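From first to last, the protein sequence lines are chains A and B. The first sequence begins at 1 in the UniProt record's numbering and counts up one residue at a time. The second sequence begins at 1 in the UniProt record's numbering and counts up one residue at a time. Quick reminder that beta carbons are idealized off the backbone N, C-alpha and C, glycines included. As the structure is a prediction and not an experimental result, all values here were calculated from the model. For reference, the structure discussed in these notes is given below.
There are 2 protein chains.
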Amino acid sequence: MAKDDQFVNQIADIDTDFPRWYTDVVIKTQLVDYGPVKGTMVIRHYGYAIWENIQKELDARFKATGHQNAYFPMLIPYSFMTREAEHVEGFAPEVAVVTVGGGEELAEPLVIRPTSETVIGEMYSKWLQSYRDLPILINQWANVVRWEKTTRPFLRTSEFLWQEGHTAHASEEEAMEETMKMLGIYKEFAETCLAIPVFTGRKTEKEKFAGAVATFGMEAMMHDGKSLQAGTSHYLGQNFAKAFDIRFLDKDGTHKYAYTTSWGVSTRLIGALIMAHGDKRGLIIPPVVAPVQAIIVPIAAKKPGVLEAAADLKAKLQAAGIRADADVSDNSPGWKFNEWEMKGVPLRIEIGPRDIEAGKMVLVRRDTHEKTEAPLENAAETVQALLSEVQANLLELARRRKEERVVTAETVEELLRGVEGGNFVKAGWCGCRECEDKIKEQTAASARVIVEGEHAEKCVCCGKEAKQVVLFARAY
Amino acid sequence: MAKDDQFVNQIADIDTDFPRWYTDVVIKTQLVDYGPVKGTMVIRHYGYAIWENIQKELDARFKATGHQNAYFPMLIPYSFMTREAEHVEGFAPEVAVVTVGGGEELAEPLVIRPTSETVIGEMYSKWLQSYRDLPILINQWANVVRWEKTTRPFLRTSEFLWQEGHTAHASEEEAMEETMKMLGIYKEFAETCLAIPVFTGRKTEKEKFAGAVATFGMEAMMHDGKSLQAGTSHYLGQNFAKAFDIRFLDKDGTHKYAYTTSWGVSTRLIGALIMAHGDKRGLIIPPVVAPVQAIIVPIAAKKPGVLEAAADLKAKLQAAGIRADADVSDNSPGWKFNEWEMKGVPLRIEIGPRDIEAGKMVLVRRDTHEKTEAPLENAAETVQALLSEVQANLLELARRRKEERVVTAETVEELLRGVEGGNFVKAGWCGCRECEDKIKEQTAASARVIVEGEHAEKCVCCGKEAKQVVLFARAY
Chain A
1 MAKDDQFVNQ IADIDTDFPR WYTDVVIKTQ LVDYGPVKGT MVIRHYGYAI
51 WENIQKELDA RFKATGHQNA YFPMLIPYSF MTREAEHVEG FAPEVAVVTV
101 GGGEELAEPL VIRPTSETVI GEMYSKWLQS YRDLPILINQ WANVVRWEKT
151 TRPFLRTSEF LWQEGHTAHA SEEEAMEETM KMLGIYKEFA ETCLAIPVFT
201 GRKTEKEKFA GAVATFGMEA MMHDGKSLQA GTSHYLGQNF AKAFDIRFLD
251 KDGTHKYAYT TSWGVSTRLI GALIMAHGDK RGLIIPPVVA PVQAIIVPIA
301 AKKPGVLEAA ADLKAKLQAA GIRADADVSD NSPGWKFNEW EMKGVPLRIE
351 IGPRDIEAGK MVLVRRDTHE KTEAPLENAA ETVQALLSEV QANLLELARR
401 RKEERVVTAE TVEELLRGVE GGNFVKAGWC GCRECEDKIK EQTAASARVI
451 VEGEHAEKCV CCGKEAKQVV LFARAY
Chain B
1 MAKDDQFVNQ IADIDTDFPR WYTDVVIKTQ LVDYGPVKGT MVIRHYGYAI
51 WENIQKELDA RFKATGHQNA YFPMLIPYSF MTREAEHVEG FAPEVAVVTV
101 GGGEELAEPL VIRPTSETVI GEMYSKWLQS YRDLPILINQ WANVVRWEKT
151 TRPFLRTSEF LWQEGHTAHA SEEEAMEETM KMLGIYKEFA ETCLAIPVFT
201 GRKTEKEKFA GAVATFGMEA MMHDGKSLQA GTSHYLGQNF AKAFDIRFLD
251 KDGTHKYAYT TSWGVSTRLI GALIMAHGDK RGLIIPPVVA PVQAIIVPIA
301 AKKPGVLEAA ADLKAKLQAA GIRADADVSD NSPGWKFNEW EMKGVPLRIE
351 IGPRDIEAGK MVLVRRDTHE KTEAPLENAA ETVQALLSEV QANLLELARR
401 RKEERVVTAE TVEELLRGVE GGNFVKAGWC GCRECEDKIK EQTAASARVI
451 VEGEHAEKCV CCGKEAKQVV LFARAY
């Protein structure tokens, strides 16, 4: 059995058993492990390093648009949940409840935040006095808990990490502008950093956030043609402002309710990039968020000078800001090649006695498997340029899939055929919940986003006049 | 009433009512607020920005010493707590317990981590196979919950943020080396970044971490002469390794238990720097961790060119990596001076029409109130140099207090007089728990650390032979 096959055989076939491929890959590359409590995950350091890179990129974007970080308590009085009618209906069934603290039964049970609109609303109500205090632009990096029956690492776990932005504004226009601005930041981030082009748009009433006036989402197409909701931005109108009495004294001397928004992305994004870019050999991590961007593998490592040259090269690359590492373990080069391919490192650099003598290195791209030689001089520039090419190519591949795999349907049968073929399907919709439910029932596809600027004549389901064009897909 | 007094009067007098001064300052400078659930806090953005700076500094030090970040589940099966006898005794009384999830009573109650030795021990047991896997050097940034009866923002709250390092090693020597290395990093960080010189040393059996073989702590002297435990590093021996079966196959072919450590600091450090450096006007935040290092106050802001000059200067300082801001609100300069003094910004820069004409700015240090003029040219270098001076001076002031306020005692009466005078007290101790308890009872002082390299003849309490010299103090 060839070395290659040993590794490929460790993971299920990506095209015939994608769910199993996913589980194999996330566990074997040590991104994640199962926690002791059912439905929980341990984010191992290789996975957490991706999250740190995501945080760094997003946090810079939030701060550049005037947001500041804060931290709100995780434990929320149960009664807060009930103040906004839709909110409690949506979240009460999935909360974890603390009933005992310090050895005593609590007078009022506390929920572990599933999201923080309620506790943050309570504080904004206290802090907000005058129109001069607006807008309030705050973000929080935190853990949240939602009790889930069926879980999968990164995609759906009872506890996960995320950021949640919560803002308050004087007018509907401003709040809506904020909602769309943050959706735009998520989209730009997904494309620039994760190399994932996304569909964005408004969600249907059925799919919106519990308590929002309108939810806007971004949807990413995965390897199997299913969709993953990768981020959402909610316009909350005055729903939470009324429930928590978030009011301000306006210029005209009257008290008014504020308009609020919330928006979030989570460790789910790690699942998204795995399922968007992986191949049969394992992960392919976009360079911008890769924990290791370039792995140096010394060839004939025991020959004099080889380990030193590898260490020199590593230092040179690191000094240029490249996340480089050298694998100096006892494993064979072939074993290392396969392991680092499985771990999705975008660039492999081989360096052996003959290369050193010739003053060169061998570079192998993870995405195309293309092998090139380059002088050791200017190594950092060469590596940086190649990493940019990998990043651009991953985006291009994902963009091509996203464009090629969208079909239209005029009947539910066509819609079914479309999603079964691994496509997103655009179809007319009358706007009624019954048709949306029926489509879900018959095709296992849900309305991902409402498509702006396109028109259809008839509803794909009931045949009545279409009010909107909707993008349907099966989803994670 | 002078402007100055309006502000000073907002906060209690630092010398006659320090506890009230503390509460006034943390609330009025908007570092923190009380959460809706008793004992919880909201870390507002001005406070959270200090935490972000602390995180950045510490995280770089952890990574430079080979540690990597990961994330472990917050919910821990109750039974895990009971596996290590001392651990459960210490922590069980203060845990928050989840008994309901997803609308159903849980089969086994879950505790919200008060600390993560147990859940991390369980994972290390699974991951650790061979001596080649050692050492394991992992850190986690997380929230923890400990049910507390008496709480105070930053100092003691039911939920707080911290980092907890958890490492596993092949030998006692290595684990002890790690324990002391991390204590050293904490000490260096406290002095370099927080401008707080600390006493470090081993804790007595009574004061050690529940489940540790030995705890080493760092103690910081506050404005009122009381001590604050600002960080701890624990040598856990094989206690948790045996409780959680953390074993490895050693070179000699036998299975051995690992030796583990844990170490942590928390948002308590924010309380430490407030109580170490504040004065009657409010906070004094050391420049290295200050959210705003230099605040620009335009004088005669409506005169042409003033706001532009302030904006230019801000941009110039920010470009040089200085956290500068300009207060362009409608408030009067006097009001701004006082507000930013209360908020502890290390440097104020005044710029008005005459300054602009003369190409200069006025600089006022928060620590010494010293006022100087400097050319606008090279502003960044000037400001950077002054910030370094402020940082050095704060450390020097704290160091002087730390040295001047340590006395020795040969009787419990002397010890009492010492701590009542706002001092730390060195005294001989026989090593028995009875004397330690009696001293606490009679003086309200506890053993902070055991002093290395010093000797005393008699125990301050029973008069028998002293085995150790102990540093006693009243503590937060």
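Can you have a look at residue 4 of chain B and say buried or exposed, based on whether 16 or more other CB atoms are within 10 angstroms of its CB? Only weak support is given to the placement of residue 4 of chain B: the predicted model assigns it a pLDDT of 49, under 50, and the question is left unresolved by the model.
Per DSSP, what kind of secondary structure is residue 333 of chain A in: helix, strand or coil? Helix.
Specify the secondary structure class of residue 468 of chain A as computed by DSSP and reduced to three states. Look at residue 468 of chain A here: in three-state DSSP terms it is strand.
Of all Cβ atoms in chain B, is any one closer than 8 Å to the Cβ of residue 45 of chain A? The beta carbon of residue 45 of chain A falls within 8 Å of a beta carbon belonging to chain B, placing the residue at that interface.
Unbroken alpha helix (DSSP H) runs of length 4 or more, entirely within the region 260–327 of chain B: which are they? For the region 260–327 of chain B, whole alpha helix (DSSP H) runs of length 4 or above, ordered along the chain, are 268–277, 306–319.
DSSP three-state label for residue 483 of chain A, please. Residue coverage of chain A in this structure runs from 1 to 476, which leaves residue 483 of chain A outside it and unanswerable.
For residue 135 of chain A, count neighbouring Cβ atoms within 10 angstroms of its own Cβ and tell me buried if that reaches 16, exposed if not. Flag for residue 135 of chain A reads buried.
Three-state secondary structure assigned by DSSP to residue 433 of chain B: Look at residue 433 of chain B here: in three-state DSSP terms it is helix.
Beta strand (DSSP E) containing residue 99 of chain A: first to last residue? Under the DSSP assignment, residue 99 of chain A falls in the beta strand (DSSP E) whose first and last residues are 96–101.
Could you have a look at residue 439 of chain A and say whether DSSP puts it in helix, strand or coil? Assigned with DSSP and collapsed to three states, residue 439 of chain A falls in helix.
Give the secondary structure of residue 222 of chain B by DSSP, where H, G and I count as helix, E and B as strand, and everything else as coil. Here residue 222 of chain B sits in coil by DSSP.
Taking the runs of the beta strand (DSSP E) that are 3 residues or longer, which of them lie wholly in the region 236–261 of chain A? 247–249, 255–257, all fully within the region 236–261 of chain A.
For residue 415 of chain A, does the three-state DSSP call read helix, strand or coil? Looking at residue 415 of chain A - three-state DSSP - the assignment turns out to be helix.
Does residue 42 of chain B get closer than 8 Å to chain A when you measure Cβ to Cβ? With 8 Å as the cut-off, residue 42 of chain B counts as an interface residue toward chain A.
Taking Cβ-Cβ distances below 8 Å as the criterion, which residues of the region 105–119 of chain B are in contact with chain E? Included in the structure are the protein chains A and B, with no chain E among them.
Counting only C-beta atoms, is residue 27 of chain B closer than 8 Å to chain A at any point? At a cut-off of 8 Å, the C-beta of residue 27 of chain B has no neighbouring C-beta in chain A.
At a Cβ cut of 8 Å, what residues of the region 68–84 of chain B count as close to chain A, listed as they run along the chain? Cβ contacts with chain A come from 68, 69, 70, 71, 72, 73, 74, 75, 76, 77, 80.
Just to confirm, is the Cβ distance from residue 285 of chain B to residue 351 of chain B under 8 Å? With a cutoff of 8 Å on beta-carbon distance, residue 285 of chain B and residue 351 of chain B are scored as not near each other.
Which same chain residues end up closer than 8 Å to residue 241 of chain A when comparing Cβ atoms and leaving out the 5 residues on each side of it in sequence? Answer for residue 241 of chain A: 121, 168, 247, 257, 258, 259, 260, listed in chain order.
I'd like the span of the alpha helix (DSSP H) that includes residue 63 of chain A, first residue to last. Per DSSP, residue 63 of chain A belongs to the alpha helix (DSSP H) from 45–64.
C-beta contact flag for residue 46 of chain B and residue 291 of chain B at 8 Å: In this structure, residue 46 of chain B places its C-beta atom within 8 Å of the C-beta atom of residue 291 of chain B.
Beta carbon proximity, residue 36 of chain A to chain B, threshold 8 Å: Chain B contact via Cβ: present.
Through-space distance from residue 362 of chain B to residue 14 of chain B, alpha-carbon basis: Taking the straight line joining both Cα atoms gives about 29 Å.
Could you tell me the alpha carbon to alpha carbon distance between residue 115 of chain B and residue 416 of chain B, rounded to whole angstroms? Taking the straight line joining both Cα atoms gives about 34 Å.
Excluding sequence positions up to five away, which residues of its chain have a Cβ less than 7 Å from the Cβ of residue 32 of chain A? For residue 32 of chain A, the CB contacts under 7 Å within the same chain, skipping 5 residues up- and downstream, are 26, 41, 42, 43, 44, 47, 153, 154 in chain order.
Members of the region 160–184 of chain A that neighbour chain B once the beta carbon cut-off is set at 8 Å: The region 160–184 of chain A vs chain B, Cβ under 8 Å: 161.
What residues from chain B crowd round residue 342 of chain A, counting only those whose CB sits closer than 7 Å? Listed by position along chain B, the residues whose Cβ is nearer than 7 Å to that of residue 342 of chain A form an empty set, because the closest Cβ is around 18 Å away.
Would the region 205–222 of chain A and the region 266–286 of chain A be scored as touching if the rule is three or more Cβ pairs under 8 Å? When C-beta atoms of the region 205–222 of chain A are compared with those of the region 266–286 of chain A, three or more pairs fall below 8 Å, so the two segments count as touching.
Beta carbon of residue 81 of chain B, beta carbon of residue 64 of chain B: below 8 Å? No, Cβ-Cβ distance for residue 81 of chain B and residue 64 of chain B is not below 8 Å.
Segment contact flag, the region 121–132 of chain A with the region 173–182 of chain B, C-beta cutoff 8 Å, min 3 pairs: Between the region 121–132 of chain A and the region 173–182 of chain B, the count of Cβ pairs shorter than 8 Å is below three; the stretches do not touch.
Looking at C-beta atoms only, is the number of pairs between the region 417–428 of chain A and the region 442–454 of chain A that lie closer than 8 Å three or more? Between the region 417–428 of chain A and the region 442–454 of chain A, the count of Cβ pairs shorter than 8 Å is three or higher; the stretches touch.
Identify the continuous alpha helix (DSSP H) that holds residue 84 of chain A and give its terminal residues. It is not in any alpha helix (DSSP H) - residue 84 of chain A carries neither H nor E in the DSSP assignment.
Please check if any C-beta of chain B sits within less than 8 Å of the C-beta of residue 1 of chain A. For residue 1 of chain A, the predicted model reports a pLDDT of 39, less than 50, meaning its position is unreliable and no value from the coordinates is stated.
Rounded to whole angstroms, what is the Cα-Cα separation between residue 2 of chain A and residue 88 of chain A? Model confidence at residue 2 of chain A stands at a pLDDT of 46, short of 50, so the residue's coordinates are unreliable and nothing is read from them.
I want to verify the contact list: residues of chain A whose CB lies under 9 Å from the CB of residue 133 of chain B, in sequence order. Contact annotation for residue 133 of chain B against chain A: no contact, minimum CB-CB distance about 12 Å [criterion: below 9 Å].
Whole-angstrom C-beta distance between residue 179 of chain B and residue 450 of chain B, which should lie under 8 Å: Contact doesn't hold; Cβ gap of about 15 Å is too wide.
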